[in-house]
Amino acid sequence: MDLAKPRFIEFSQFGDASTGILTLAVLQRDIPFVVERVFWTCGTPPDMTRGGHAHYRTETVLVAVSGRIIVSTELPGGELEEFTLDSPNRGLFLPPLCWRSMRYMDSAVQVAFESNDYSDEDYICSLDEFRAMGDRSAREGD
């Protein structure tokens with residue numbers, strides 16, 4: 008199974024500390040999919056962990072517009088990575104079938120861009136079920 012992997016996306020940034028900084032993302036150029044839904048998370052208690060799911064179809068780009076977010080990912084087959092989002096000019100692309108958990112620190116505010124509108128059927132909320140998908144895929148590849 009050839010899956011896209013989580014990766015950083017850099018956004019253009021203009022200005023400086025004396026005038027303020029503008030960060031720019033051009034849809035369908037900087038965000039690698041058509042955006043159907045945008046949401047933000049704020050006021051999350053310090054060191055709170057959120058996420059704990061994957062999507063069957065939805066692609067996501069996460070941005071910490073302020074504060075710091077540690078994103079832990081797992082792909083089918085068990086590949087683990089950890090990413091730190093702490094700058095509004097850097098996003099994290101998460102492909103479908105990518106388990107994610109986010110820890111919020113420093114009064115973090117997160118914006119998420121997604122390729123699909125919300126659908127309960129698109130969520131994989133059981134880590135055991137998610138890992139079983141990777142196990143099945145590995146057996147089918149043998």
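Position 9 of the sequence shown, counted from 1, bears residue number 16 in this note's numbering, the numbering being contiguous throughout.
For every residue, glycine included, the Cβ atom is placed at its ideal position computed from N, Cα and C.
Only a predicted model underlies this, so the values are computations on that prediction, with no experimental measurement involved.
- Judged by beta-carbon spacing, residue 117 lies beyond the 8 Å limit of residue 56, meaning their Cβ atoms are not closer than that value.
- Counting only unbroken stretches of 3 or more residues, the beta strand (DSSP E) elements lying wholly within the region 88–147 are 97–101 and 106–121, in sequence order.
- Per the DSSP secondary-structure output, residue 82 pairs with nothing in a beta bridge.
- Non-local beta-carbon contacts of residue 93 in its own chain, meaning distances under 7 Å to residues more than five positions away in sequence, involve 71 and 75 in chain order.
- Residue 20 has 30 as its beta-bridge partners, per DSSP.
- Excluding the 5 residues flanking it on each side, residue 141 has same chain C-beta neighbours closer than 7 Å at 83, 84 and 85, in chain order.
- By the CB criterion at 8 Å, residue 129 and residue 65 fall inside the cutoff.
- Under the three-state reduction of DSSP output, residue 57 falls in the strand class.
- Membership of residue 44 in the beta strand (DSSP E) is indicated by the continuous run 44–48.
- With 16 or more other Cβ atoms from the protein chains shown falling within 10 Å of its own Cβ, residue 61 counts as buried.
- Straight-line spacing of the CA atoms in residue 17 and residue 34 works out to 13 Å.
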